[in-house]
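Novice: With the first letter of the sequence shown counted as 1, position 143 gets the number 178 in my numbering; the numbers rise by one all the way through. Cβ coordinates follow ideal geometry from the N, Cα and C atoms, glycine included. Here you go, one structure.
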Amino acid sequence: MVIIYEDERHIRDYQTLRATWSVKGRQKQIPTYGHHATVSLLGGVNIETGEFHRMETNQCNAQAFLQFLQYTFLDQYPDKHVVMVLDNAKIHRAKILQPFLHEHEERLTLIFLPPYSPNLNLVERIWGWLKESVIANRFHANRKELRESIVSFLEHLTQFPEKVLQRIGQIVMSEN
Numbered sequence: 036m037v038i039i040y041e042d043e044r045h046i047r048d049y050q051t052l053r054a055t056w057s058v059k060g061r062q063k064q065i066p067t068y069g070h071h072a073t074v075s076l077l078g079g080v081n082i083e084t085g086e087f088h089r090m091e092t093n094q095c096n097a098q099a100f101l102q103f104l105q106y107t108f109l110d111q112y113p114d115k116h117v118v119m120v121l122d123n124a125k126i127h128r129a130k131i132l133q134p135f136l137h138e139h140e141e142r143l144t145l146i147f148l149p150p151y152s153p154n155l156n157l158v159e160r161i162w163g164w165l166k167e168s169v170i171a172n173r174f175h176a177n178r179k180e181l182r183e184s185i186v187s188f189l190e191h192l193t194q195f196p197e198k199v200l201q202r203i204g205q206i207v208m209s210e211n
């Protein structure tokens with residue numbers, strides 16, 4: 036069995052200042068063009084291995100969620116039972132999902148978190164980490180630059196699943 040926490044996120048390039056080092060009396064300045072680029076993602080974290088699955092999409096809708104389910108469920112874990120923990124967004128309960136969910140009910144279980152409880156969804160910790168690393172105290176001139184920063188961060192996650200497990204609060208056990 037595999038347990039995946041899933042959520043969608045729109046990463047918007049709002050130039051935000053967070054705590055950072057700077058010369059005393061001189062606040063760091065982040066330029067802005069007055070428009071904001073957006074990258075929309077669906078993501079899921081495997082709480083046992085730290086693998087982070089993601090899919091970029093133009094819209095976070097039921098069709099995109101269905102594609103993400105097919106990718107995560109069918110392609111990544113063809114021989115395992117997948118338990119997906121997610122919020123109560125309408126896209127997770129849409130009618131177009133029902134045939135797929137019915138067809139795979141023996142190998143796919145969706146568990147819905149209580150309403151208004153993002154603190155219980157472990158993947159939210161990854162989204163926060165991404166925003167801290169990609170958005171805070173940084174300027175992206177356009178969507179392409181924003182997307183490149185996001186992809187770079189997400190590729191970093193694939194190389195260090197133990198850091199993902201630490202971020203979501205899972206204990207990494209040594210194999211010795």
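Between which two residues does the beta strand (DSSP E) carrying H45 extend?
Specialist: Residue 45 sits at position 10 when you count from the first residue of the sequence shown. Taken as a continuous stretch (DSSP letters only), the beta strand (DSSP E) holding H45 covers 37–47.
Novice: From L101, D122, G79, N177, pick the residue whose C-alpha is nearest to that of T73; which is it?
Specialist: For this step, residue 73 is matched to residue 38 along the sequence shown. Ranking L101, D122, G79, N177 by Cα distance to T73 puts N177 first.
Novice: I'd like to know whether the C-beta atoms of G79 and E140 end up nearer to each other than 9 Å.
Specialist: Against the sequence shown, residue 79 aligns to sequence position 44. Against the sequence shown, residue 140 aligns to sequence position 105. Cβ distance not < 9 Å, so G79 and E140 don't count as in contact.
Novice: In this structure, what does DSSP give as the bridge partners for L76?
Specialist: Position 41 of the sequence shown, counted from the first residue, corresponds to residue 76. In the DSSP output, where bridge partners are listed per residue, L76 has R44, E91.
Novice: Would you kindly check if the distance between the Cβ of G204 and the Cβ of L157 is under 9 Å?
Specialist: Counting from one through the sequence shown, the residue named residue 157 turns up at place 122. Counting from one through the sequence shown, the residue named residue 204 turns up at place 169. Contact: yes.
Novice: Where does F195 sit, in a helix, a strand or coil, going by DSSP?
Specialist: Along the sequence shown, read from residue 1 onward, the residue named residue 195 stands at position 160. Coil, per DSSP.
Novice: Under DSSP, the alpha helix (DSSP H) around L109 begins and ends at which residues?
Specialist: In the sequence shown, the residue the question calls residue 109 occupies position 74. Here L109 belongs to no alpha helix (DSSP H), and DSSP marks it neither H nor E.
Novice: At which residues does the beta strand (DSSP E) containing I146 begin and terminate?
Specialist: Within the sequence shown, residue 146 is the residue found at index 111, counting from 1. Here the beta strand (DSSP E) through I146 covers 143–147.
Novice: Looking at the unbroken alpha helix (DSSP H) that takes in L165, where does it start and where does it end?
Specialist: For this step, residue 165 is matched to residue 130 along the sequence shown. Segment 158–169, the alpha helix (DSSP H) holding L165.
Novice: Out of W162, D122, G163, A129, which has the shortest C-alpha to C-alpha gap to R149?
Specialist: In the sequence shown, the residue the question calls residue 149 occupies position 114. Looking at the sequence shown, residue 149 is not Arg but Pro. P149 has its Cα closest to that of D122, out of W162, D122, G163, A129.
Novice: Could you tell me which residues DSSP pairs with V246 in its beta bridges?
Specialist: The requested residue 246 is not part of the displayed model; the chain covers only 36 to 211.
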